[in-house]
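When we follow full-length UniProt numbering, the leftmost residue of the sequence shown carries the number 1, and every step to the right adds one. Just so you know, even glycine gets a beta-carbon here, dropped at the ideal spot from N, CA and C. Here the structure is laid out as structure tokens; the discussion comes afterwards.
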Amino acid sequence: MARWGITLPLIGVPVLDHRALVSELGDLGYTDVWSAETTGTDAFTPLALAAQWSSSLRFGPAIAPVYTRGPATLAMTAATLAEVTGGRFVLGIGSSSPAIVQRWNAIPFEEPFKRTRDTLRFLKAALAGEKVTASYDTFAVSGFKLERPPAEKVPIMLAALRPNMLRLAGREADGAITNWLAATDVPQVRAELGEGSELAARIFVCPTEDADAARALGRMLISTYLTVPAYAAFHGWLGRGDVLRPMHEAWAAGDRKGASKSIPDSVVDALVVHGSLDRCRERVAEYQAAGVDTPIIALLPTGGDQVEQVRALAPRG
Numbered sequence: 001m002a003r004w005g006i007t008l009p010l011i012g013v014p015v016l017d018h019r020a021l022v023s024e025l026g027d028l029g030y031t032d033v034w035s036a037e038t039t040g041t042d043a044f045t046p047l048a049l050a051a052q053w054s055s056s057l058r059f060g061p062a063i064a065p066v067y068t069r070g071p072a073t074l075a076m077t078a079a080t081l082a083e084v085t086g087g088r089f090v091l092g093i094g095s096s097s098p099a100i101v102q103r104w105n106a107i108p109f110e111e112p113f114k115r116t117r118d119t120l121r122f123l124k125a126a127l128a129g130e131k132v133t134a135s136y137d138t139f140a141v142s143g144f145k146l147e148r149p150p151a152e153k154v155p156i157m158l159a160a161l162r163p164n165m166l167r168l169a170g171r172e173a174d175g176a177i178t179n180w181l182a183a184t185d186v187p188q189v190r191a192e193l194g195e196g197s198e199l200a201a202r203i204f205v206c207p208t209e210d211a212d213a214a215r216a217l218g219r220m221l222i223s224t225y226l227t228v229p230a231y232a233a234f235h236g237w238l239g240r241g242d243v244l245r246p247m248h249e250a251w252a253a254g255d256r257k258g259a260s261k262s263i264p265d266s267v268v269d270a271l272v273v274h275g276s277l278d279r280c281r282e283r284v285a286e287y288q289a290a291g292v293d294t295p296i297i298a299l300l301p302t303g304g305d306q307v308e309q310v311r312a313l314a315p316r317g
């Protein structure tokens, strides 16, 4: 089936105030609700609540960091979400970033590829109900077995930006979750993931016809995110190394405003969907046409009614 997702909670909207919206998402044509975890809500609590307000949607975190919860705790949380969603749960995991893991959670951000791979392998065994005693490259587990393993397989998807992680997701996981890419970048990402694996993409949508305002917000976000080493390498691989070099140089020199100003309109327009609601919906569909199985709208604030914007961004048959 064609999937169409939304990121919840909406910015600035209390978690419990989403009940009415979630209850109508399925009728609007949405299939998925995906959470995020940075400095707002945690990745799982909003999903557990939302699952009680809808009997049709699929739910997943995009993503839960593999460092900030122990392997057994992550397995227990996933099993609980699988139970409370009635099996409509996908576990999205990834390495996250040095800021979230090390600066905010005081956990060393070491060997992210191996840690993600090891956590994936542990979770596959644990969620299948196996008793796990294993030494991985980045941690060891002795004698863990879920008291109530999920009745059905819990799909696991990996946050993936570059070839090694995309290939791992294609080989050993059930798909990949990516973000901060243009629709024209999707074939390159899909080629590394391979066919037959689900590709989800979080797409930042700013529904306003004030292009200057949308680009100003987009520049701020791009300079904040794409200067993170993993995203810098991602866009270097995608071919934007030269055009983004002035941003990186200004950022490294401590010139945050200069970094933002140096980003060309063409880059902002490629990475941030903006325009009328109809145009935004059309541009999200372009990602789907390019090879994204599950587009996940991340609504950026414009001062408008976010609930009405979510309704208007629903897929059209």
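Among the residues of its own chain, which have a CB less than 7 Å from the CB of residue i, if the five just before and after it don't count?
i: A173; result: L120, I156, M157, L158
i: T208; result: A214, H274, T302
i: A75; result: L123, A126, L127, L146
i: G29; result: W4, A314, P315
i: G26; result: S54, S56, L57
i: V217; result: Note on identity: in this sequence residue 217 is Leu, with Val being the wrong assignment. Taken in chain order, the residues that qualify are C206, L300.
i: V154; result: A78, A82, F89, L91, L127
i: G71; result: Per the sequence presented here, residue 71 reads as Pro, with Gly not at that position. Excluding residues within five positions, the ones whose Cβ falls inside 7 Å are T119, F122, F139, V141.
Is residue i helix, strand or coil when you go by DSSP?
i: N179; result: strand
i: L161; result: coil
i: S23; result: helix
i: V267; result: helix
i: T73; result: helix
i: G258; result: helix
i: L238; result: helix
i: Q309; result: helix
i: Q52; result: coil
i: D42; result: coil
i: G291; result: coil
i: A2; result: coil
i: G29; result: coil
i: E282; result: helix
i: A232; result: helix
i: P149; result: coil
i: P315; result: coil
i: G303; result: coil
i: residue 320; result: Because the chain spans 1 through 317 in this model, residue 320 falls outside it and cannot be assessed.
Got a sec, what are the start and stop residues for the alpha helix (DSSP H) residue i sits in?
i: I222; result: 211-225
i: D242; result: 241-252
i: A191; result: 186-193
i: K124; result: 112-127
Let me check understanding here. Comparing Cα to Cα, which of the options lies closest to residue i?
i: P46; options: T85, I107, A75, I93; result: T85
i: I263; options: S223, R281, A253; result: S223
i: R58; options: D269, T31, A72; result: T31
i: F89; options: D305, S54, E286; result: S54
i: A15; options: A50, D27, M165; result: According to the sequence displayed, residue 15 carries Val and not Ala. The shortest C-alpha separation from V15 is found at A50.
i: A200; options: D27, S97, L166; result: L166
i: T184; options: Q288, K257, A252, R219; result: Q288
i: L181; options: A151, D305, H235; result: H235
i: A259; options: L244, S23, A160; result: L244
i: E286; options: G239, Q306, P187, A252; result: P187
i: E152; options: E83, T39, T7; result: E83
i: A48; options: P9, S97, A233; result: P9
i: V292; options: V268, D212, A78, I203; result: I203
i: I177; options: P295, A232, R219; result: P295
i: R311; options: S23, R117, G12; result: S23
i: S266; options: R279, R240, D305, L81; result: R240
i: I6; options: V33, D17, H18, L21; result: V33
i: R103; options: N164, I93, T39; result: T39
i: L161; options: L277, I11, A230; result: A230
Looking only at its own chain, which residues have a Cβ that is under 6 Å from the Cβ of residue i, when we skip the five neighbours before and after it?
i: A43; result: S35, E37, P61, A64
i: Y67; result: V101, I107
i: K114; result: D137, T138
i: G170; result: L193, G194, S197
i: R283; result: V273
i: S96; result: P65
What residue does the beta strand (DSSP E) around residue i start on, and which one ends it?
i: T294; result: 294-299
i: G94; result: 91-94
i: D32; result: 32-35
i: H274; result: 272-274
i: T85; result: Looking at the DSSP string, T85 is not in any beta strand (DSSP E), and its letter there is neither H nor E.
i: G5; result: 5-7
Strictly by DSSP, which residues pair up with residue i?
i: P61; result: S35
i: A106; result: A106 is not bridged to any residue.
i: S135; result: A140
i: C206; result: H274
i: E198; result: G175
i: I156; result: L91
Please return the same chain residues whose Cβ sits closer than 8 Å to the Cβ of residue i, not counting the five positions on each side in sequence.
i: A99; result: V228
i: M247; result: I222, S223, L226, T227, A259, S260, S262, I263
For residue i and chain D, any beta-carbon pair shorter than 9 Å?
i: E249; result: Looking at the structure shown, chain D is missing, and only one protein chain is on hand.
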